[in-house]
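Working notes, structure below.
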Amino acid sequence: MSTQSVEIRHLFDEKVYGQRLDFALAQEFPEYSRSRIQDWIKKGFISINNQVVTSPKHKMDGFEEIEINAIIEVQGEWKPQAIELNIAYEDDDLLVINKPSGLVVHPGAGNQDGTLVNALLHHAPELANLPRAGIIHRLDKETTGLLVVAKTIAAHTDLVEQLQRRAFTREYDAVTNRVMVSGGTVDAAIGRHPTKRTSMAVTPDGKRAITHYRIVEKFLDHSHIKLRLETGRTHQIRVHMAHLKFPLIGDPLYSGRYRTPTKIISDLTEHLGKFKRQALHASLLGLNHPATGEYIEWRAELPEDMQGLLVSLRKNKDHYENQES
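Each residue of the sequence shown is one higher than the one before, starting from 56 at the first, in our numbering.
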């Protein structure tokens, strides 16, 4: 068993007033589990305003400076697996992966292996020494596209800090049901759905979530849009678009009952019937390199299923527009 040190300083704002220390830290640093944070607190690895606090139930006042000086013990519970990776970029400090649909990012209930973590540990065994094998942010199982992985503790700390201050550029392509009139911004808090525990929802007591979107192409009953995230809440794009009544094509949680358009050719009917995942792709990722400070961007082309869907939507639109001309 090996160990790695974690050194973090963070100044909380007033929003944590009244929260438990372990809860506030778990919300602010989602790359570390709440149980791990509780263990660190009990071991005296966390201080508030230079005073060590050993109770996870400690209530926050707001505007405290937190310092974490902890040790990570590598348990080796995740096994390396020879799973093919589509690597967009790699150097000594980080990896950028173009994730395919169907690949779960982290092992969990019902997905103990066959995940991105298992693949990463096979590709770079040293990632076992980092929290969550170096993964900084995640994509849903069926969402495709770019995500970044740290390869060292220093890079991990830097990239997590960038993510927390919203310094990442993250742009997505999506295809929605219904035709949008214009682009805009959604600023609506997201939290756990009050009755559907596997879903998220726009809720007044959730965490602030901001999504910017613009139209790329309009079809007869659908829209191709690009979105940029300011925040990174669970299912954020899917929840925000459903909230606007423009759910993503194929979204199993948020699209609701599909209404078949009145103007639709058989080719599009077939494509829509076969599209069983949310039409969402992380197409652009930008960040400051943790070692050099240089800003770098990566782009990933749309996967074949989304390209085929867009071709079919254009055929459908052309067919009916030609009939009317």
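By construction, the Cβ of each residue, glycine as well, lies at the ideal position given by its N, Cα and C atoms.
9 Å Cβ cutoff met for residue i and residue j
i, j, result
"Tyr268", "Ser338", "no"
"Thr240", "Arg247", "no"
"Ala229", "Gln333", "yes"
"Leu185", "His211", "yes"
"Lys370", "Ile304", "no"
"Tyr350", "Gly341", "yes"
"Ile245", "Leu214", "no"
"Gln217", "Gly169", "no"
"Leu389", "Arg354", "Outside the modelled stretch of the chain, which goes from 56 to 380, sits residue 389, for which no answer is possible."
"Asp322", "Ser367", "yes"
"His277", "Arg233", "yes"
"Gly117", "Val107", "no"
"Thr315", "Glu285", "no"
DSSP state of residue i mapped onto helix, strand, coil
i, result
"Asn141", "coil"
"Tyr72", "coil"
"Gln130", "Note that Gln130 scores a pLDDT of 43, beneath 50, so its modelled location is shaky; the value from the coordinates is reported in the next line. If DSSP states are grouped into helix, strand and coil, Gln130 belongs with coil."
"Arg312", "coil"
"Gln106", "strand"
"His336", "strand"
"Ile121", "strand"
"Ser321", "helix"
"His65", "strand"
"Tyr375", "helix"
"Ala179", "coil"
"Ser60", "strand"
"Gly348", "coil"
"Arg187", "helix"
"Val159", "coil"
"Gly363", "helix"
"Ala205", "strand"
"Leu194", "coil"
Per DSSP, cross-strand counterpart(s) of residue i
i, result
"Gly232", "Position check: residue 232 holds Asn in this sequence, whereas Gly was assumed. Note: Asn232 sits in a beta bridge opposite His277."
"His211", "BP columns for His211 are empty, so no partner."
"Ser237", "The partner list for Ser237 (beta bridge, DSSP) is empty, contrary to what the question assumes."
"Thr224", "Gly341"
"Arg369", "Answer is none; Arg369 lacks a bridge partner."
"His267", "Thr240 and Arg283"
"Ala255", "The sequence shown places Met at residue 255, not Ala. For Met255, which the question treats as bridged, DSSP gives the partners Arg247."
"Ile92", "In DSSP, Ile92 forms no bridge with anything."
"Val151", "Tyr144 and Val203"
Neighbour flag for residue i against chain C, beta carbons, 9 Å
i, result
"Thr289", "Among the chains in the structure shown there is no chain C, since it carries only a single protein chain."
Is the region 133-149 in contact with the region 206-214, if contact means three or more CB pairs nearer than 8 Å?
-> yes
Okay, do the region 151-165 and the region 112-124 touch, 3+ Cβ pairs below 8 Å being the bar?
-> no
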